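Residue numbers (this note's numbering): 732 to 941. Idealized CB from N, CA, C, for every residue including glycine. Note that the structure is predicted; figures quoted are calculated from it, not measured.
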């Protein structure tokens, strides 16, 4: 509608996707206060924030600015996936009881992923500088790792992101080790460190600070 403002378009598009301000803020990597201010037009999204906002809302930046850009329909997203975006500290609980974990939705690209796939925002620094704190990684539990792949594993209910290396077979069980990139972290071994392999990293997203 021509009488709609930028704030109206943000609010209506957010509600059409059944997102709360907090969920949208998690995707755009801003505070929920910023979303509220944009919807009230107390401030305006600019630069990288505008691009991330448009991606999260499934529309072109031009649509938010003046209402003339495209809004992608469900059919346009037929080849895409919406997967849960978690905090790294919530991954273990998600795997046990997904319904008890609050999360945002991350609109994925057209990669073929299993229904069990999920994403989380990295909180540790074991893979620095290859993967930084606050990067978003997407994990597919159905994908078996190859040597050198980055994987997610659990150790005593703690989610760890490491490089996977296959080791010898012991009593019919193939052993592996998990190696960090950051030399300040130790290597871990499945034969001694109570590790449970969860899935393989299929994509990493990095957002520049604004």
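query, result
"Considering only C-alpha positions, which residue in the set 924, 800 and 883 is nearest to residue 850?", "883"
"So if DSSP puts residue 934 in a beta bridge, which residue, or which two residues, is it bridged to?", "869"
"When you compare only the Cα positions, how much space is there between residue 753 and residue 759?", "10 Å"
"Taking contact to mean at least 3 C-beta pairs separated by less than 8 Å, is the segment 816-829 in contact with the segment 769-789?", "no"
"Assuming contact is defined by CB atoms lying nearer than 7 Å, are residue 823 and residue 888 in contact in what I supplied?", "yes"
"Output the distance between the C-alpha atoms of residue 745 and residue 765, rounded to the nearest integer angstrom.", "14 Å"
"Quick one: grab the DSSP three-state call for residue 809.", "With a pLDDT of 47 at residue 809, under the threshold of 50, the modelled position of that residue is not reliable, and no figure is offered here."
"Would you kindly work out how many angstroms separate the C-alpha atoms of residue 935 and residue 855, rounded to a whole number?", "15 Å"
"For residue 930, count neighbouring C-beta atoms within 10 Å of its own C-beta (all shown protein chains included) and say buried if the count is 16 or more, exposed if not.", "buried"
"Can you list, in chain order, the residues of its chain whose CB lies under 7 Å from that of residue 924, leaving out five sequence neighbours each side?", "886"
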